[in-house]
Amino acid sequence: MELSNNFEPAQAEQKWTGIWKDKRYFNSKPDGRKAFTVVIPPPNVTGVLHMGHTLNETVQDILVRKARMSGFNACWVPGSDHASIATEAKVVQMLEKEKGIKKADLSREEFLKYAFEWKEKYGGIIYNQIERLGCSVDWDRVTFTMDDHYYKAVIKIFIDLYNKGLIYRGARMINWDPRAKTALSDEEVIYKDAVGKLYHVKYKVKDSDEYITVATQRPETIMGDTAICVNPADERYAHLKGKKVIVPMVNREIPVIYDEYVDPAFGTGALKVTPAHDINDYNLGLKHNLEVIDTLNADGTLSAAAQVYVGKDRFEARKLVIAQLTEEGLLVKVEENPTRVAYSERNPDTVVEPRISTQWWVKMKEIAEPALKAVVDGDIRIHPGDKFLATYKYWLENVKDWCISRQLWWGQQIPAWYAPDGTFVVAANREEAFEQFKSQNSNVKIEELKQDEDVLDTWFSSWLWPTEVFNGITQPGNEEINYYYPTAVLVTGQDIIFFWVARMIMAGMEFQKEIPFKDVYFTGMVRDKQGRKMSKQLGNSPDLLGLIDKFGADAVRYGIMISAPAGNDLLFDEAALEQGRFVNNKIWNALKLIKGWEGRVDKNVTAASSRFALDWFESRLQEVRAEIEKLFTQFKLSEALNMVANSLIWDDFCSWYLEWVKPGFEQPIAAEVYEKTVSYFEQLLQLLHPFMPFITEEIYHLLKEQHDDLCVKQFAENNFQPSAILAEGELLKKVITAIRDARNKNQLKPKDTIQLHIQTANVTGYQAIETILAKQVNAETVSYATDAVANTIVVAVEKDKFFIESNLEVDTVALKEQLLKDLAYQQGFLESVMKKLNNEKFMQNAKPEVLASEQKKKADAEARINTIQESLNNL
1 MELSNNFEPA QAEQKWTGIW KDKRYFNSKP DGRKAFTVVI PPPNVTGVLH MGHTLNETVQ
61 DILVRKARMS GFNACWVPGS DHASIATEAK VVQMLEKEKG IKKADLSREE FLKYAFEWKE
121 KYGGIIYNQI ERLGCSVDWD RVTFTMDDHY YKAVIKIFID LYNKGLIYRG ARMINWDPRA
181 KTALSDEEVI YKDAVGKLYH VKYKVKDSDE YITVATQRPE TIMGDTAICV NPADERYAHL
241 KGKKVIVPMV NREIPVIYDE YVDPAFGTGA LKVTPAHDIN DYNLGLKHNL EVIDTLNADG
301 TLSAAAQVYV GKDRFEARKL VIAQLTEEGL LVKVEENPTR VAYSERNPDT VVEPRISTQW
361 WVKMKEIAEP ALKAVVDGDI RIHPGDKFLA TYKYWLENVK DWCISRQLWW GQQIPAWYAP
421 DGTFVVAANR EEAFEQFKSQ NSNVKIEELK QDEDVLDTWF SSWLWPTEVF NGITQPGNEE
481 INYYYPTAVL VTGQDIIFFW VARMIMAGME FQKEIPFKDV YFTGMVRDKQ GRKMSKQLGN
541 SPDLLGLIDK FGADAVRYGI MISAPAGNDL LFDEAALEQG RFVNNKIWNA LKLIKGWEGR
601 VDKNVTAASS RFALDWFESR LQEVRAEIEK LFTQFKLSEA LNMVANSLIW DDFCSWYLEW
661 VKPGFEQPIA AEVYEKTVSY FEQLLQLLHP FMPFITEEIY HLLKEQHDDL CVKQFAENNF
721 QPSAILAEGE LLKKVITAIR DARNKNQLKP KDTIQLHIQT ANVTGYQAIE TILAKQVNAE
781 TVSYATDAVA NTIVVAVEKD KFFIESNLEV DTVALKEQLL KDLAYQQGFL ESVMKKLNNE
841 KFMQNAKPEV LASEQKKKAD AEARINTIQE SLNNL
């Protein structure tokens, strides 16, 4: 079979995706094996995979494929999240733009029909991308957070928590998204540093000519003021006790109150109190029994309660208020003021408003304690723990009640039912609600009951993900939840540690009485070359399918993983994907080379000359396999990929081993050498497969006729024992490199033969590698010397010296010039090392491994200097 010049990823991807699916390799059912379960963090149903998702899914696939090939019953559950706020916004936008329909003109049922149509149209896009990336998910298990069973699970949990007294309804200050017109939880608010303005405004003291000046950042809320507050110890305002002041523009009388909360040094020391629009003002209002005047509508425009500029947007109203205050002589001055502005996590350009609102809440402290203990006690391990454990602990130790109601239609509708008089019960449906009312001796009629209009926060459904994907809530104790739960590892982004990770642990402990996963692996944030977080707004996130079309899925996976140490942000650069393509081609060329030997196999040819190479690479392969196992348990996947692809395959196998065993031009190859080489290559492909599945499966089948597929081929037991041959192999590589370097410097062409004389105490050791060494440096003869050999080029490697003798005339003038340059460089290098070693502070503070490294640099430099001087003496 004739192989193409380069690997063609598109053909291999399409071919093997189809074969794997047809053979149902990735479909899992409970059996006698140990389960290895992973649930995909459900991306938004209407979204596309950005590079953060790409990293996340690649990490999961590597872990799942490795587990599947290690004897586990691997089950990777895909799915998507209904994403209440984001999806509803897209559907509203689509209806207005494409159909000229406003949400307000539709009934709830009509709107939901359009929303489900949208989901059906766009929901499959992300699954196609996951498949194109090579993810080995169980497509029979696709779950959506609005599936019927999932919907029922969410409602069941709401009722359960309400009956336990852990869910309540109450009016509190909340975060409000004026664009989405819904409440947000504290975790859905992003704070950004900004330079705001502090407006100094005069309030007239009633029945006097006196004014009190207040500094505010939000003059558009003045109309909602219900008090002016000063510190009781501030003598400037002591005479105002019992007085009232006039609110500008609306001429309402409000009291002057006194509270130690006010900082006399900030602004003017006088604070306007607007309980409806600031959490601290709200708390002051409760303490001093102040009136609450809400001057904003749900969409961020001024309400009728504002009396002026009604219907104007809040920021437009700010300008109008400033203009009026200026015109009336009430604006004293404006100064810049550093501040933090709150933005909606779902609508990043929308400033969040604090607002008093009646919402549904979860009491968090009680259910947070087991989730905190599970991590602190080590039942759940966080990777990298040193970076995120403290953050996790701080949030749970200071957790606030969770606002779970959203003023939307897309989502699970809150199962609360109201009678005409405003009383309510919590029940799964109208009939159950009616029975509850009857038990309370209520005269309400069933048709009079109205269900709460709000839906539940998206995270209130996704915190059940590891459980309900196996119907653990709706069918408690079923075979699958007992087999697959708890899951093995959660792979997710650090930005949802509170939104999702902590809450899943809470839900697992509360509803399953067991942790939902044993390990949490936090990927870093993917940033562009300028260090900016990739986002649609900046337009700096590349199209995943475009990258796959350009480089191939394996190269994309390689590129993003090689740049991604656990938990650390990574700078995305297409150059890493290009390097992935180079790795593909390097392996492909190895295949072509080995296949070229296939017709030259001779059972009568001895493998003696390749014995060292065979034994060395077998030991090296076992050594790396053992190290890879350690790296996987530590979730150091980037290091594992680098070790397999770059160190073991590119360097050890392709650059060294294949060169050492390669037969001469048109010469036969020993059958044992060929068969072992094919076996080694298969094992290399198996090691690399979790990282780069398509090319490895393709080459595995091109290498020879196979009776299994690589994706389910089980790793053989590895009995690695440290061996001296590994050190000998490293020495051989160093010697070959040093002699080749010396040949180049002395203009000895590869075809020019040399005589090599070795001065060593380890003659036996070199005799084992003598044949390979001679072939690699084109030495006609190899001999052993006890003293220096005159008129030769001298090379030192560790304690040994190599004297290169050539029949060609050596340009001694040029050689001497080069040696003097090398000597000057080595002397300068040694001087820099000695500065460190002679520095008392460095010697006291340096880690032992750093000191050892510097000592080795010193010894190596001294040996090189000695060798160069000997070479100069030889000229």
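Here the sequence shown is numbered in UniProt numbering, starting from 1 and rising by one per residue. Backbone N, C-alpha and C define an ideal beta-carbon position, used for all residues, glycine too.
Pair within 7 angstroms by beta-carbon distance, residue i and residue j
| i | j | result |
| --- | --- | --- |
| Val77 | Arg24 | no |
| Leu756 | Val782 | yes |
| residue 953 | Met561 | Residue numbering for the chain in the displayed model covers 1 to 875; residue 953 lies beyond these limits and cannot be assessed. |
| Trp360 | Ile404 | yes |
| Ile769 | Asp615 | no |
| residue 883 | Arg503 | Residue 883 lies beyond the range of the chain shown here (1 to 875); nothing can be said about it. |
| Ala238 | Ile85 | no |
| Tyr191 | Ala342 | yes |
| Phe691 | Leu641 | yes |
| Val426 | Tyr162 | yes |
| Asp225 | Lys272 | yes |
| Ile695 | Phe7 | yes |
| Cys75 | Thr37 | yes |
| Ile754 | Tyr766 | no |
Opposing strand residues paired with residue i [DSSP bridges]
| i | result |
| --- | --- |
| Leu571 | Arg527 |
| Pro354 | Asn175 |
| Thr301 | Asp313 |
| Pro255 | Lys244 |
| Trp597 | Answer by DSSP bridge pairing: none, since Trp597 is not bridged. |
| Glu336 | Lys197 |
| Lys450 | Tyr418 |
| Thr37 | Cys75 |
Nearest neighbour of residue i, chosen from the options [CA to CA]
| i | options | result |
| --- | --- | --- |
| Tyr151 | Pro722, Gly596, Thr474 and Thr606 | Thr474 |
| Lys533 | Phe694, Leu571 and Ile736 | Leu571 |
| Gly385 | Gln634, Val624, Asn56 and Thr268 | Gln634 |
| Pro264 | Val214, Lys312 and Thr339 | Val214 |
| Ile739 | Ala785, Phe803, Thr764 and Thr696 | Phe803 |
| Gly170 | Gly552, Phe424 and Leu544 | Phe424 |
| residue 909 | Ile699, Pro663, Asn718 and Asp752 | With the chain covering 1 to 875 only, the question about residue 909 has no answer from this structure. |
| Asn585 | Asn347, Ile699 and Ala419 | Ile699 |
| Ser442 | Lys66, Ser461 and Tyr418 | Tyr418 |
| Val526 | Glu8, Gln11, Lys21 and Thr54 | Thr54 |
| Ala576 | Glu110, Asn482, Thr760 and Asp528 | Asp528 |
| Glu730 | Arg65, Ser655 and Lys676 | Ser655 |
| Glu761 | Asp800, Glu618, Lys592 and Leu106 | It is Ala, not Glu, that sits at residue 761 in the sequence shown. Comparing Cα positions, the closest option is Asp800. |
| Val250 | Ile754, Asp454, Gly52 and Val310 | Val310 |
| Ala727 | Leu544, Phe617, Lys857 and Pro476 | Phe617 |
| Glu659 | Lys816, Lys66, Gln686 and Ser610 | Ser610 |
| His689 | Gly134, Ser344 and Asp454 | Gly134 |
| Ile126 | Glu117, Lys103 and Leu49 | Leu49 |
| Glu780 | Ile772, Asp787 and Lys373 | Ile772 |
Burial state of residue i (16 or more Cβ within 10 Å)
| i | result |
| --- | --- |
| Met173 | buried |
| Tyr394 | exposed |
| Asp193 | exposed |
| Tyr199 | buried |
| Phe582 | exposed |
| Leu286 | exposed |
| Ser439 | exposed |
| Thr812 | exposed |
| Arg318 | buried |
| Phe315 | exposed |
| Asp281 | buried |
| Val763 | exposed |
| Lys97 | exposed |
| Met51 | buried |
Note down, one range per segment and in chain order, each beta strand (DSSP E) of at least 3 residues found wholly within the stretch 475-535.
As far as the stretch 475-535 is concerned, its whole beta strand (DSSP E) runs of at least 3 residues are 487-493 and 517-523.
Residue ranges of each alpha helix (DSSP H) within the stretch 86-154, 4 or longer
Complete alpha helix (DSSP H) runs here, min 4: 108-122 and 125-132.
Complete runs of the beta strand (DSSP E) confined to the stretch 192-223 [at least 3 residues]
The stretch 192-223 contains these whole beta strand (DSSP E) runs: 211-216.
Runs of alpha helix (DSSP H) lying entirely within the stretch 740-808, each at least 4 residues, in chain order
763-777, all fully within the stretch 740-808.
Go through the stretch 645-727 residue by residue and report every complete run of the alpha helix (DSSP H) that reaches 4 residues or more, in order.
Runs of the alpha helix (DSSP H) lying entirely within the stretch 645-727 and spanning at least 4 residues, in chain order: 658-661, 671-688 and 693-703.
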